[in-house]
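Heads up, the thing below is written out as structure tokens.
Encoded structure:
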């Protein structure tokens with residue numbers, strides 16, 4: 423089954439805890455701290471993997487968590503880093519966060535994106551000497567890995583997109599010019615998913631895709647077209663395939679106008695791409711006046727028109743040659759098959775204080791990380807945290823927000839009582 427959307431939850435591995443240890447030397451039972459740092463947690467990484475063509479796997483499995491880092495050891499032994507968890511995705515996968523902001527656009531094979539970073543390893547007591555004194559009796563806990571919801575959307579990467587109304591012969595065209603073997607039958611909506619084919623030439627290749635038949639109002643969600651229109655957004659060249667059969671019940675010129683209207687309503691930029699028109703089923707002897715009307719409409723739009731029969735092969739070399747020229751021209755001009763993507767920039771590490779009811783809530787990467795990495799069973803660790811938060815400016819920020827002694831303060835899910843450090847009163851001396 424072709425699945426082009428998925429929602430997943432990713433979580434980086436937790437960092438390993440730091441170690442509390444001291445050297446034991448002859449005649450010096452406590453020769454100094456030598457507790458090693460914990461290893462960092464593994465990352466969750468999205469990687470473009472050739473051969474993948476769908477996101478179906480991520481409808482069955484939605485939760486992904488990387489391995490945690492190992493705990494540090496004595497004699498300054500650092501814990502091992504957690505293994506990364508690599509999630510293979512198809513070329514053309516767009517990754518967005520839970521709020522719809524685009525994080526990355528994965529186009530090329532081997533391209534990687536760190537979706538959820540692993541947590542930092544906690545520092546052992548040997549690494550805390552400068553900040554906590556000559557013999558720290560505590561170590562840091564490992565930091566939790568980053569976690570978030572992600573939306574994956576597949577937009578097929580193709581040079582040429584073939585669009586047309588149902589039963590125009592799109593799948594048949596792809597099967598004739600490439601090795602793709604889509605399901606083909608003589609009834610509307612044979613194509614229920616996009617097909618990709620590679621057209622092999624002497625000097626270079628190009629990729630062509632079709633889109634399940636559009637119907638009037640497809641951009642509003644009618645029919646099946648709206649679900650697949652995204653797959654033509656990366657194409658540098660569009661082929662409008664119109665049905666010339668007298669039995670179709672439609673006028674070819676109306677089909678051309680309708681296709682332009684649907685694509686323009688979905689994304690006006692699509693009508694700025696290189697385009698041509700292929701008039702299919704010429705073997706069924708269409709009325710000459712219909713061909714004349716279509717030729718006139720193409721002339722008014724500056725579009726090249728190619729009469730073809732996918733069944734007999736009539737006109738196919740000329741059509742294929744025109745497709746080659748347009749693709750090569752787009753490549754020379756650097757018109758890569760892509761749509762501009764807005765990326766989210768990394769948020770600065772800003773601390774903020776907000777009052778929620780009777781409690782003050784402190785947010786920000788630095789204070790939250792400090793709280794998360796504290797060993798709450800250790801009195802020395804809690805004392806060290808209080809001084810660290812004070813040096814970060816948390817106490818001053820709370821005072822500016824209106825906090826007074828005894829108020830509740832929450833940081834990273836932990837609740838404290840606000841007890842500001844006493845300040846020495848500055849006294850002046852009288853001159854006599």
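In the numbering used here, the protein residues as written are 423 to 854. Ideal placement from N, C-alpha and C gives every residue a C-beta, glycine not left out.
Since residue 501 contacts residue 493 with CB under 8 Å, what's their CB separation in whole angstroms? The residue labelled residue 501 in the question sits at position 79 within the chain shown. The residue labelled residue 493 in the question sits at position 71 within the chain shown. That belief holds up - the Cβ atoms of residue 501 and residue 493 are roughly 5 Å apart, short of 8 Å.
Measure from the alpha carbon of residue 441 to the alpha carbon of each residue in 803, 807, 475, then state which is nearest. Walking along the chain shown from the start, residue 441 turns up at place 19. Selected option, being the one with the closest Cα: 803.
Less than 8 Å separating the beta-carbons of residue 792 and residue 811? Counted from its first residue, the chain shown places residue 792 at position 370. Counted from its first residue, the chain shown places residue 811 at position 389. In contact: residue 792 and residue 811 (Cβ atoms closer than 8 Å).
In three-state DSSP terms, what is residue 805? As a first step, residue 805 must be located in the chain shown, where it is residue number 383. In the structure shown, residue 805 sits in a helix (DSSP, three-state: H, G or I).
Quick one: which unbroken beta strand (DSSP E) runs of 3-plus residues sit fully inside the segment 710-744? Chain order, please. 726-729
Look at the Cβ atom of residue 528, then the Cβ atom of residue 535, and state whether they are nearer than 8 Å. Position 106 of the chain shown, counting from 1, holds the residue named residue 528. Position 113 of the chain shown, counting from 1, holds the residue named residue 535. Contact: yes.
Taking Cβ to Cβ, would you say residue 460 is nearer than 8 Å to residue 540? Residue mapping note: residue 460 aligns to position 38 of the chain shown, counting from 1. Residue mapping note: residue 540 aligns to position 118 of the chain shown, counting from 1. Not a contact, by the Cβ cut-off of 8 Å.
What's the C-alpha gap between residue 436 and residue 491? As a first step, residue 436 is located in the chain shown; it is residue number 14 there, counting from the start. As a first step, residue 491 is located in the chain shown; it is residue number 69 there, counting from the start. Spanning the two alpha carbons is a distance of roughly 6 Å.
Using CA coordinates, which residue listed in 784, 723, 697 is at the minimum distance from residue 661? Along the chain shown, read from residue 1 onward, the residue named residue 661 stands at position 239. Minimum Cα distance to residue 661 is reached at 697.
Mind listing, in chain order, the continuous alpha helix (DSSP H) runs of no fewer than 4 residues lying wholly within the segment 456-541? 479-482
Where residue 429 falls, given that 16 or more other Cβ within 10 Å makes a residue buried: Start at 1 with the first residue of the chain shown, and residue 429 comes out as number 7. By the 10 Å Cβ count, residue 429 comes out exposed.
DSSP has residue 444 in a bridge; who is on the other side? Within the chain shown, residue 444 is the residue found at index 22, counting from 1. 455, per the DSSP bridge assignment.
In or out: residue 776 buried (at least 16 other Cβ within 10 Å) or exposed? Indexing the chain shown from 1 puts residue 776 at position 354. Answer is exposed; the Cβ neighbour count stays below 16.
Reduced DSSP secondary structure (H/G/I, E/B, other) of residue 776: The residue you call residue 776 lines up with position 354 of the chain shown. Three-state DSSP puts residue 776 in a strand.
Tell whether a beta-carbon distance below 8 Å holds between residue 427 and residue 477. Within the chain shown, numbered from 1, the residue matching residue 427 stands at position 5. Within the chain shown, numbered from 1, the residue matching residue 477 stands at position 55. Cβ distance < 8 Å, so residue 427 and residue 477 count as in contact.
Out of curiosity, what's the CA-to-CA distance linking residue 562 and residue 495? Residue 562 sits at position 140 when you count from the first residue of the chain shown. Residue 495 sits at position 73 when you count from the first residue of the chain shown. Distance between the alpha carbons of residue 562 and residue 495: 13 Å.
I need the boundaries of the beta strand (DSSP E) containing residue 619, first residue and last residue. Within the chain shown, residue 619 is the residue found at index 197, counting from 1. Segment 617-622, the beta strand (DSSP E) holding residue 619.
Within 10 Å of its beta-carbon, does residue 801 have 16 or more other beta-carbons around it, so buried, or fewer, so exposed? As a working note, residue 801 is residue 379 in the chain shown. Counting Cβ neighbours within 10 Å, residue 801 comes out exposed, since fewer than 16 surround it.
Give a yes or no on contact between the segment 470-487 and the segment 546-562, applying the rule of three or more CB pairs nearer than 8 Å. No, because fewer than three Cβ pairs between the segment 470-487 and the segment 546-562 fall closer than 8 Å, the two stretches do not touch.
Quick check on residue 826: does DSSP put it in helix, strand or coil? Here residue 826 refers to the residue found at position 404 when the chain shown is read from its first residue. Three-state DSSP puts residue 826 in coil, outside helix and strand.
So, helix, strand or coil for residue 863, using DSSP? Since the displayed the chain opens at 423 and closes at 854, residue 863 lies outside it and no answer follows.
Answer with buried or exposed for residue 796, where buried requires no fewer than 16 other C-beta atoms within 10 angstroms of its C-beta. On the chain shown, residue 796 is found 374 positions in, with the first residue counted as 1. Buried: at least 16 other Cβ atoms inside 10 Å.
Whole angstroms are fine: how far does the CA of residue 462 sit from the CA of residue 433? Within the chain shown, residue 433 is the residue found at index 11, counting from 1. Within the chain shown, residue 462 is the residue found at index 40, counting from 1. Whole-angstrom Cα-Cα distance: 14 Å.
Coarse secondary structure for residue 633, derived from DSSP in three states: Sequence index remark: in the chain shown, residue 633 carries index 211 (1-based). Residue 633: coil per DSSP, three-state reduction.
Spatial neighbours of residue 675 in its chain, beta-carbon cut-off 6 Å, leaving aside the 5 residues before and after: Walking along the chain shown from the start, residue 675 turns up at place 253. These residues qualify, in order along the chain: 715, 716, 719.
Residue of 794, 524, 709 minimising C-alpha distance to residue 832: As a first step, residue 832 is located in the chain shown; it is residue number 410 there, counting from the start. Ranking 794, 524, 709 by Cα distance to residue 832 puts 794 first.
Straight-line gap, residue 569 to residue 509 (C-alpha atoms, nearest Å): Counting from one through the chain shown, the residue named residue 569 turns up at place 147. Counting from one through the chain shown, the residue named residue 509 turns up at place 87. Their backbone Cα atoms lie some 15 Å apart in a straight line.
Going by alpha carbons, who is nearest to residue 665 out of 587, 744, 598, 454? In the chain shown, counting from the first residue as 1, residue 665 sits at position 243. Minimum Cα-Cα distance from residue 665 among the listed residues 587, 744, 598, 454 corresponds to 587.
Whole-angstrom C-beta distance between residue 702 and residue 731, which should lie under 8 Å: One-based indexing of the chain shown puts residue 731 at position 309. One-based indexing of the chain shown puts residue 702 at position 280. Yes, they are in contact, since the Cβ atoms of residue 731 and residue 702 sit about 7 Å apart, within 8 Å.
Three-state class that DSSP yields for residue 394 in the structure shown: Lying before the first or after the last residue shown, residue 394 is absent from the chain, which here runs from 423 to 854.
Grab me the residues of residue 489's own chain with a C-beta within less than 6 Å of its C-beta, minus the 5 sequence neighbours each way, in chain order. Position 67 of the chain shown holds residue 489. Taken in chain order, the residues that qualify are 435, 464, 504, 505.
Secondary structure of residue 611, DSSP reduced to three states: One-based indexing of the chain shown puts residue 611 at position 189. Legend: pLDDT at residue 611 = 42, less than 50; position of this residue unreliable, value from coordinates given subsequently. Coil at residue 611, not helix or strand.
Alpha carbon to alpha carbon, how far is residue 582 from residue 750? Give it in angstroms, no decimals. Looking up residue 750 in the chain shown gives position 328. Looking up residue 582 in the chain shown gives position 160. Between residue 750 and residue 582, the alpha-carbon positions lie close to 11 Å from each other.
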